[in-house]
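Take a look at the structure below.
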Amino acid sequence: ILGGLWADVSWGRFWGWDPKEVWALISLLVYLAILHGRYAGWFNHFGMIFGTVLGASAIVMSWYGVNFVLPKFSSSGTVGLHSYGEGSGGLGWIVAFVVVEWTFLAIATRKFKTKTK
Numbered sequence: 045i046l047g048g049l050w051a052d053v054s055w056g057r058f059w060g061w062d063p064k065e066v067w068a069l070i071s072l073l074v075y076l077a078i079l080h081g082r083y084a085g086w087f088n089h090f091g092m093i094f095g096t097v098l099g100a101s102a103i104v105m106s107w108y109g110v111n112f113v114l115p116k117f118s119s120s121g122t123v124g125l126h127s128y129g130e131g132s133g134g135l136g137w138i139v140a141f142v143v144v145e146w147t148f149l150a151i152a153t154r155k156f157k158t159k160t161k
């Protein structure tokens, strides 16, 4: 809330639908859904595994994707007001992280299906 008030004073707006703001909101909503689903009984242990991998992917997109991936699809080379963090980045490391996370999810899915049969 304080960040929004600061933005209103500094930039004249509370929320601007900037890609960085939107992906921060998406990350927050993903984790909110995971926690709510767990306490409401919507997810079992496998659902939590899937949710945490999805949440980690949302965080990677929020931190890395907005600064390094989305500008590649923009004609100006920048995206939004929060387009800081220029550079080549460690795309290989990010891709490796996402591949490892989703491989872990595939292994967990296979193990879960084998256990339930």
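For the sequence shown, position 10 (counting from the first letter as 1) is numbered 54 according to this note's numbering, and the numbering increases by one without interruption. All residues carry an ideal CB built from backbone N, CA and C; glycine is no exception. Being a predicted model, the structure only gives us computed values, none of them experimental.
Can you tell me where the alpha helix (DSSP H) with residue i in it begins and where it stops?
i	result
D52	L46 to W55
W137	L135 to T160
P63	P63 to A84
L98	H89 to V104
Measure the CB-CB distance between residue i and residue j and report whether it falls below 8 Å.
i	j	result
A102	S71	yes
F148	V97	yes
P63	L114	yes
G91	G99	no
A150	I93	no
Classify residue i: buried if its beta carbon has 16 or more other beta carbons within 10 angstroms, exposed otherwise.
i	result
G48	exposed
G95	buried
I78	buried
Whose CA, out of the options, lies closest to the CA of residue i?
i	options	result
A140	A152, K155, K157 and V104	V104
K155	H89, I138 and V143	H89
Per the contact definition of three or more C-beta pairs closer than 8 Å, is the region 58–78 in contact with the region 102–119?
A contact between stretches requires three or more CB pairs, one per stretch, nearer than 8 Å, and the region 102–119 meets this requirement with the region 58–78.
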